[in-house]
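Note that numbering that gives the first Met the number 0 gives residue 5 to position 6 of the sequence shown, counting from 1, and the numbers run on in steps of one.
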Amino acid sequence: MKSLQINGQIRQFLPQEMPSTLSALLEKLGIGATTVVAEVDGQIVRPEEFTRTAVRDGQTIELIKFMGGG
Numbered sequence: 000m001k002s003l004q005i006n007g008q009i010r011q012f013l014p015q016e017m018p019s020t021l022s023a024l025l026e027k028l029g030i031g032a033t034t035v036v037a038e039v040d041g042q043i044v045r046p047e048e049f050t051r052t053a054v055r056d057g058q059t060i061e062l063i064k065f066m067g068g069g
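Structure below.
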């Protein structure tokens with residue numbers, strides 16, 4: 000099993016199901032790339048870099064979703 004810590008929770012993936020990029024992870028989680036700010040291992044990742052940002056076993060990822068309201 001491979002794992003990622005996402006927003007403080009460990010998520011495990013079978014090796015063949017592990018997303019290879021941040022963009023693929025967001026898709027797997029059902030999160031639109033335009034609605035989040037992402038941080039991987041303490042580094043903020045700009046949205047245009049999501050498709051080029053590799054995701055590896057053991058990384059810590061924080062995803063902050065934008066919410067409308069008022």
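Ideal Cβ placement from N, Cα and C applies to all residues, glycine included.
None of these values were measured; they are calculated from a predicted model.
Check your understanding: Between the beta-carbon of V35 and the beta-carbon of I63, is there less than 9 angstroms?
Key -> yes
Review point. Taking the alpha-carbon positions, what's the T20 to T50 distance?
Key: 6 angstroms
Exercise for review: Locate the beta strand (DSSP E) running through A37, then write down its first and last residues.
Suggested key: V35 to V39
Check your understanding: Among V54, L25 and I30, which residue has its Cα nearest to the Cα of S2?
Key -> V54
Check your understanding: Would you call the CB atoms of Q4 and I60 closer than 9 angstroms?
Key -> With contacts defined by Cβ atoms closer than 9 angstroms, Q4 and I60 form a contacting pair.
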